[in-house]
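Student: Be aware that the sequence shown starts at 1, since it is given in full-length UniProt numbering, and climbs by one per residue.
Just so you know, even glycine gets a beta-carbon here, dropped at the ideal spot from N, CA and C.
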Amino acid sequence: MSDLRKNYVVSHGFDESGRLYMQHWMWKMQLGWDLHPAIKLPESSDVRIADQGCGNAAWLVSLASDFEKEGRHASLVGLDVQNYHYPPTGNLPPNIKLAILDAFAEDLPEDQVGQYDVVHVRAFSSVIKDDNPEPIIKNAYKMLKPGGYIQWDDLDGDSFRAVAPGSHSESSIPTAATEEMVATSLQSQKVAMNLKYSWLGRLGQLYEQHGLEVVDYKKVIVKKELRSVMTVSLLMIHAHIARIAVRNGCMVGTDKNWEELWTKAGEEISQGVSLTMDMVVAVGRKPA
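This is the structure we're talking about:
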């Protein structure tokens with residue numbers, strides 16, 4: 001069993017909650033929706049949607065607004081291993097409820113089995129160990145009603161890269177220091193936390209292996225106008241990961257001064273170099 005309280009690599013402070021809001025805004029601006037358009041919800045009034053690893057419930061609050069605009073009702077449930085970022089109940093729409101649940105739990109509570117029309121999962125790539133997301137998929141399958149959907153949105157760490165403004169052929173701004181920082185950060189997190197990302201390319205196949213029909217699978221390159229916000233978000237995440245790697249003695253290239261590397265990369269970023277990752281969306285459906 002994996003304990004997210006030990007594996008969760010991002011901080012629990014106000015800055016992290018702010019980053020989660022920023023991350024949600026980025027996804028919404030990129031995709032144009034919260035719930036994938038291919039997801040067909042029943043017409044009944046008892047639609048139930050769960051958000052695993054809900055953080056500060058930003059996705060749920062946005063989704064509640066979407067439903068309100070459409071004149072529809074749904075019961076929205078946010079689940080996370082801790083309630084560090086949960087807003088006060090009084091600040092939430094009345095159809096949102098937040099609870100505690102480890103997404104990796106080996107035994108789901110009975111009140112979570114077969115309850116949901118949609119299970120949403122986002123940004124779990126920093127807690128998936130040994131290249132194995134199957135516990136999440138198994139639990140989502142159990143949580144779904146017959147005919148229900150899983151929607152998984154994530155960032156592909158293997159596509160982490162530095163991008164110069166414009167095209168590389170047009171830009172004279174160097175990216176070498178930022179590329180070195182990316183390579184060092186990626187290797188360090190793999191050593192420090194056993195993070196691998198090849199499973200993201202197999203997510204559709206993994207759905208099928210667990211009895212889900214693949215409704216959609218795609219990788220999306222972030223829009224140019226969203227590169228800056230993705231850069232800020234990734235810098236916040238990887239600065240924290242780097243601190244963990246240093247603390248655990250797992251920082252790759254320790255003969256180099258990590259602060260100097262970040263300073264040099266920062267100079268390039270201030271000239272317009274961006275940090276990006278490809279965005280992955282995978283939707284699966286449980287047989288009716």
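How many angstroms separate the CA atom of Tyr-84 from the CA atom of Ala-99?
Tutor: If I take the Cα positions, the gap works out to 12 Å.
Student: Ignore the nearest five residues each way along the sequence and tell me which others in Leu-101's own chain have a CB closer than 6 Å to its CB.
Tutor: Only Leu-79 meet the Cβ criterion.
Student: Buried or exposed, going by whether 16 or more other CB atoms sit within 10 Å of the CB of Val-72?
Tutor: A quick correction: the sequence has Arg, not Val, at residue 72. It counts as exposed.
Student: State the CB to CB distance for the pair Asp-117 and Arg-19, rounded to an integer number of angstroms; the pair is presumed to be in contact (CB under 8 Å).
Tutor: Not confirmed; about 29 Å, so no contact.
Student: Expressed to the nearest angstrom, what Euclidean distance is found between the alpha-carbon atoms of Val-81 and Gly-55?
Tutor: If I take the Cα positions, the gap works out to 9 Å.
Student: Determine, using beta-carbon pairs with one atom in the segment 125-141 and one in the segment 60-70, whether at least three such pairs fall under 8 Å.
Tutor: The answer is no - the segment 60-70 does not touch the segment 125-141, with fewer than three Cβ pairs under 8 Å.
Student: Report the three-state DSSP secondary structure of Asp-66 (helix, strand or coil).
Tutor: Asp-66: helix per DSSP, three-state reduction.
Student: Would you mind listing the beta strand (DSSP E) stretches within the segment 12-64 that are 3+ residues and don't spill past its ends, in chain order?
Tutor: Taking only runs of at least 3 residues, the beta strand (DSSP E) segments lying wholly in the segment 12-64 are 48-52.
Student: How is Tyr-141 classed by DSSP in three states: helix, strand or coil?
Tutor: Looking at Tyr-141 - three-state DSSP - the assignment turns out to be helix.
Student: Can you say whether Asp-255 is buried or exposed, counting buried as having 16 or more other CB atoms within 10 angstroms of its CB?
Tutor: Low per-residue confidence applies at Asp-255: pLDDT is 46, beneath 50, and the placement is therefore not dependable, though the value from the model is reported in the following sentence. Classification for Asp-255: exposed.
Student: Please identify the residue among Arg-122, Pro-42, Gln-52, Trp-199 whose C-alpha is closest to the C-alpha of Asp-154.
Tutor: Of the candidates Arg-122, Pro-42, Gln-52, Trp-199, the one whose C-alpha sits nearest the C-alpha of Asp-154 is Arg-122.
Student: For Lys-28, which residues of its own chain have a beta-carbon under 6 Å away from its beta-carbon, when the five flanking residues on both sides are left out?
Tutor: Counting only Cβ-Cβ distances below 6 Å, and skipping sequence neighbours, we find nothing.
Student: Cα separation between Val-163 and Leu-31?
Tutor: Whole-angstrom Cα-Cα distance: 21 Å.
Student: Which of helix, strand or coil does DSSP assign to Pro-135?
Tutor: Residue state, collapsed to three classes: helix.
Student: Can you check the segment 163-222 for any alpha helix (DSSP H) of at least 4 residues that lies completely inside it and give the ranges in chain order?
Tutor: 176-193, 203-209, all fully within the segment 163-222.
Student: Do the CB positions of Ile-173 and Glu-268 come within less than 9 Å of each other?
Tutor: Yes, they are a contact pair.
Student: In three-state terms, what does DSSP make of Lys-224?
Tutor: In the structure shown, Lys-224 sits in a helix (DSSP, three-state: H, G or I).
Student: Rounded to whole angstroms, what is the Cα-Cα separation between Gln-115 and Gly-266?
Tutor: Between Gln-115 and Gly-266, the C-alpha separation is close to 47 Å.
Student: Using C-beta distances below 7 Å, list every residue in its chain close to Val-222, excluding the 5 sequence neighbours before and after it, in chain order.
Tutor: Only Gln-30, Met-230, Thr-276, Met-279 meet the Cβ criterion.
Student: Thinking C-alpha only, which one of Ile-96, Tyr-86, Pro-88 is nearest Glu-68?
Tutor: Checked all of Ile-96, Tyr-86, Pro-88; the closest Cα to Glu-68 is Ile-96.
Student: Report yes if the CB atom of Val-232 is closer than 9 Å to the CB atom of Trp-152, and no otherwise.
Tutor: It is not a contact, given that the beta carbons lie outside the stated cut-off.
Student: Are the CB atoms of Ser-213 and Pro-146 nearer to each other than 9 Å?
Tutor: Residue identity differs from the one stated: residue 213 is Glu in this sequence, not Ser. No, the pair does not count as a contact, with Cβ atoms beyond the cut-off.
Student: If I measure Cβ to Cβ from Met-181 and keep anything under 6 Å in the same chain, skipping five residues before and after, which residues do I get?
Tutor: So the qualifying residues of the chain are Leu-261, Ala-265.
Student: For Ile-128, which three-state DSSP category applies?
Tutor: Correct three-state label for Ile-128: coil.
Student: Of the residues Glu-134, Pro-93, Gly-90, which one's Cα is nearest the Cα of Phe-104?
Tutor: Here the closest residue by C-alpha is Glu-134.
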